[in-house]
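Chemist: Offset between the sequence shown (1-based) and my numbering: plus 3.
For glycine and all other residues, C-beta sits at the position ideal for the given N, C-alpha and C.
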Amino acid sequence: MPAKDELARRRYEKLVERLESLMLGALKPEYEGYYGQLILGTDDLAEMGDLKDVRRAAREAGQRLGWKTTTRLVGGRLFVLDEREVPEEIERLAGDAAAAAIDRAREEGRRPRQT
Numbered sequence: 004m005p006a007k008d009e010l011a012r013r014r015y016e017k018l019v020e021r022l023e024s025l026m027l028g029a030l031k032p033e034y035e036g037y038y039g040q041l042i043l044g045t046d047d048l049a050e051m052g053d054l055k056d057v058r059r060a061a062r063e064a065g066q067r068l069g070w071k072t073t074t075r076l077v078g079g080r081l082f083v084l085d086e087r088e089v090p091e092e093i094e095r096l097a098g099d100a101a102a103a104a105i106d107r108a109r110e111e112g113r114r115p116r117q118t
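1. Could you pull the start and end residues of the alpha helix (DSSP H) that Val-57 belongs to?
2. Whole angstroms are fine: how far does the CA of Asp-106 sit from the CA of Gly-65?
3. So what does DSSP say about Leu-43, is it helix, strand or coil?
4. How many angstroms separate the CA atom of Glu-92 from the CA atom of Lys-7?
5. Using the beta-carbon count (16 or more within 10 Å), is Leu-43 buried or exposed?
6. Using the C-alpha atoms, what's the distance from Val-83 back to Val-77?
7. Between Glu-23 and Arg-67, is the Cβ-Cβ spacing less than 7 Å?
8. Give the straight-line distance between the Cα atoms of Arg-13 and Gly-79, rounded to the nearest whole angstrom.
9. Do the CB positions of Arg-58 and Thr-74 come within less than 7 Å of each other?
Laid out in structure tokens, this is it:
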């Protein structure tokens, strides 16, 4: 039985490492580690194992990254979010980026469609 426990522990540790890598890869460098989020679809979740284990591993991975991690299951997708308070300058930078994206979308919406 101890060999089975060791195998489960190693499997879990691999899951934490994989999630940590995905979470780190999803960060935007200009936000200096803030505004972290990872969205796992139903296929990802099915591949990773039991939902409770994935959520626990995601929280541990977030802790390793310094996140205040929360997980939410919405419509078959698992959202892994960093809910730390964001420094004002990073918040301003993210707000400016969001406003610019909205401006671009509006501008593209005004262009006549080519057929």
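Modeler: A quick look at the data gives this:
1. By 1-based counting over the sequence shown, the position of residue 57 is 54. Taken as a continuous stretch (DSSP letters only), the alpha helix (DSSP H) holding Val-57 covers 54 to 67.
2. Along the sequence shown, one-based indexing puts residue 65 at 62. Along the sequence shown, one-based indexing puts residue 106 at 103. Cα-Cα distance, rounded: 32 Å.
3. The sequence position of residue 43 within the sequence shown is 40, counting from 1. Strand at Leu-43.
4. Numbered from its first residue, the sequence shown carries residue 92 at position 89. Numbered from its first residue, the sequence shown carries residue 7 at position 4. The alpha-carbon atoms of Glu-92 and Lys-7 are separated by roughly 49 Å.
5. For the purposes of this step, residue 43 is identified with residue 40 of the sequence shown, where counting begins at 1. Answer is buried; the Cβ neighbour count reaches 16.
6. Position 74 of the sequence shown holds residue 77. Position 80 of the sequence shown holds residue 83. Near 11 Å, if we compare the C-alpha coordinates of Val-83 and Val-77.
7. Residue 23 sits at position 20 when you count from the first residue of the sequence shown. Residue 67 sits at position 64 when you count from the first residue of the sequence shown. Going by C-beta atoms, Glu-23 is nearer than 7 Å to Arg-67.
8. As a first step, residue 13 is located in the sequence shown; it is residue number 10 there, counting from the start. As a first step, residue 79 is located in the sequence shown; it is residue number 76 there, counting from the start. Those two C-alpha atoms are separated by around 27 Å.
9. The residue you call residue 58 lines up with position 55 of the sequence shown. The residue you call residue 74 lines up with position 71 of the sequence shown. Yes; because the gap between Cβ atoms is below 7 Å, this pair is in contact.
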